[in-house]
Each structure stands twice: as structure tokens, then as C-alpha cells.
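Below is one structure, written out as C-alpha cells, with a few remarks after it.
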Amino acid sequence: MSSGPTRKHTALPKAQILIEALPWLTRHHGKTVVIKFGGNAMIDEDLKAAFAQDVVFLRHAGLRPVVVHGGGPQISAALDRHGIVSEFKAGLRVTTEDAMDVVRMVLAGQVQRELVGLLNQHGPFAVGLTGEDAHTLTATKHQPEIDGEPVDIGRVGEITEIDTGAIEALLADGRIPVVSSIARSQDDHHVYNINADTAAAALAAALGAETLMVLTDVEGLYEDWPNSDEVISRLTATQLEKLLPDLSAGMVPKMEGCLHAVRGGVTTARVIDGRVQHSILLEIFTDEGIGTMVVPDEQGES
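First residue of the sequence shown: 50, per our numbering; consecutive thereafter.
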């Protein structure tokens, strides 16, 4: 007597993968997630396409993604073409009036347009805006200190105010806001260049986001770099604060952003490896969590 078909259907593993995602889908449904797009994922065509798929997937899975982007490599290339030298102080781009015109043109007219186009290959989702639109980001001049002395780095801003109205309206309408990290000035009629990691963290806190995700070109925060390539998979705000003084210059705004976000009410902030295709989906929908996750301090921890 036959015991019925014993062969496993080839689609079964796919079904199991989908079911594995179920608890995460349930947990994240309706939640806002702010994603800072940057690094190699902005330059490599395959990674860009995978990023767009991931963000649209999040939207279809019931999350509310908001994308914030900078454009370091593209800005440097454009400044070169305009004969303007790229200069950095305290890890930030010195932004003269002439450079600011180029920064604004590249971010709002090139990088953002390309990203909106990639997302909209999948449907009428993405709407691009800059921090100037509807008073989304307002800033004053930022003067970093080097060796205790304030340094003038031009039109680089520090966010003083956030109005999330336009972004909230787009999210309520099922759209995916794509935000360029430029702010209006609180004091004059000019605009400011804002570090995109900082802008993403500030927006995540203002939106009451569940998660801030920062794409980088490293696997996460290393335990004891360069002696070890062990990645710290999870740490609390206070633990991170203690590590900040010893971090490499490029990691500081990213990790300061994560710290600001979780201290501002965001449930988790994560630095993930943007060089891995679909790293966003791996991070949100699996146990495998890649990268480094920062969480608020546990009760009773100082």
C-alpha cells in the first residue's frame, strides 16, 4: 500500500523562510524605520538596486521607511569638476558658499533623483525632499572644536529644529520620503550642509521611529580594532558613550547618531554593512542580525 508522495516540494524551503520572518513582520508592522543610505551601497549598481528592493519590501511588509542620504563621493567629484578643492576639518566637509551651491545641486538634483527613480521602478512610492522643504530641518552654523578652539568650516549646520509634518503626511499617504541632508537657516536666507548621519538620527528621534539603520562600509563596530575584527553585536547607550573617544573619525558621527537616537526614544539603532546585498532585510527580518545594535540603557543602569 502506498504511503503517498514522499518527495519534498521544492517550494517548501521558501515557505519556511517566509514563516521565519513572521514574528518580525508582526513586531515591525506599522513602525517607522529611518535608513541612512551611504557608503559603497550608493556607488555600486547592484547594491543600489538591492537597496531599493529592500526599502520597497519594507513598505509592502507594512513598515514605514524613510530614507536619508548624503553624497560624499558624488559631492567630491562634482567639486573637482568645478575646480573647488575638497577640504575636511574635524571629519566634516568645509563648505564655502560656492561649495554649498554644488552640494545642494548634487544632493537634491543628482543623488536624490537617482534614488527616487530606483525606488519608483517598483511603484509610485518615493517622493524626494530636502530639509528645506516645509521647514523639515532648521539649522544654525556649526563650529566644531579642534584642540579646544572653535573652527570655521563654512555653511555646515547644526540642527536646531525639526518639523516632521511633511514626512508624516507622505507616510500617511503610503509614500516613501527620500530626504537630502540640507537644512534651511534659522538666521539668514542661506542653507546649510548637514552631516547625513546626524540628520538621520535627529529625524529618527523626531519621528518616534522604531529603528534607525545606518549603512556603512564596515561590518559594524569592532571590539578592538585593528587588533581584532570581532564585531560588537549589541551594546547599550552608556557602553557606547564610553567607547566614543576611541573610535575612528568616520565612525564617530555614525555612532553619535545612534546614541542620540536611542537617547531620544528610538527603540534600536543599528550600524550595518551596506556592502552585503539585502543587509537591511537580513537585519530586520532574521535572527542573524548583522552589524552592531545600540539599545537604550536597561533599567537601573547608569
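Backbone N, C-alpha and C fix where the C-beta goes; we use that ideal spot for every residue, glycine too.
Fair warning: this is a prediction, and the values are worked out from it, not measured in the lab.
Look up F137 in the DSSP assignment and give the residues it is bridged to. Answer by DSSP bridge pairing, in chain order: R142.
Just curious, the alpha helix (DSSP H) that D322 is in, first and last residue? Premise fails: D322 lies in the beta strand (DSSP E), T317 to D322, not in any alpha helix (DSSP H).
Counting only the same chain and skipping the five closest in sequence on each side, list residues whose C-beta sits under 8 Å from that of M304. The answer, listed in chain order, is L270, L289, L292, L293, L296, V320 and V343.
Count the other C-beta atoms from every protein chain shown that fall within 10 angstroms of the C-beta of R142, then say buried if there are 16 or more, exposed otherwise. Buried, because 16 or more other Cβ atoms sit within 10 Å of the Cβ of R142.
Where the alpha helix (DSSP H) through R379 begins and ends: Given that the chain is displayed from residue 50 to residue 351, the structure contains no residue 379 and the question cannot be resolved.
Put S125 into one of helix, strand or coil per three-state DSSP. Looking at S125 - three-state DSSP - the assignment turns out to be helix.
Neighbour-count burial assignment, L178, 16 or more Cβ in a 10 Å radius: A buried status is given to L178, since no fewer than 16 other beta-carbon atoms sit within 10 Å of its beta-carbon.
Rounded to whole angstroms, what is the Cα-Cα separation between A110 and H184? Approximately 30 Å, taken between the alpha carbons.
Classify G87 as buried or exposed, calling it buried when 16 or more other Cβ atoms lie within 10 Å of its own Cβ. Burial call: buried.
Beta-carbon proximity check, D246 vs P302, cutoff 8 Å: Yes, these two residues count as a Cβ contact at 8 Å.
Starting from the C-beta of V267, find all residues in its chain whose C-beta is less than 7 Å away, skip the five residues before and the five after it, and write them out in chain order. Excluding residues within five positions, the ones whose Cβ falls inside 7 Å are D322.
For a minimum of 3 consecutive residues, which ranges assigned as the beta strand (DSSP E) are wholly contained in the stretch 282-344? If you keep only unbroken beta strand (DSSP E) runs of at least 3 residues inside the stretch 282-344, you get 283-285, 317-322 and 341-344.
Go to R162, then tell me how far its alpha helix (DSSP H) extends in each direction, as first and last residue. Counted as a single uninterrupted DSSP element, the alpha helix (DSSP H) harbouring R162 occupies residues Q161 to L168.
Over the uninterrupted alpha helix (DSSP H) stretch that includes F174, give me the two end residues. Note, F174: premise wrong, no alpha helix (DSSP H); not H, not E.
Backbone CA spacing between A405 and R204 [nearest angstrom]: Absent from the model: residue 405. The displayed extent of the chain is 50 to 351, so no value can be given.
Whole-number beta carbon distance between K85 and M262, since they are thought to touch under 8 Å: The pair is a contact, with the Cβ atoms about 7 Å apart (cut-off 8 Å).
With DSSP run on the structure shown, which of helix, strand or coil describes A232? In the displayed model, A232 falls within a strand according to three-state DSSP.
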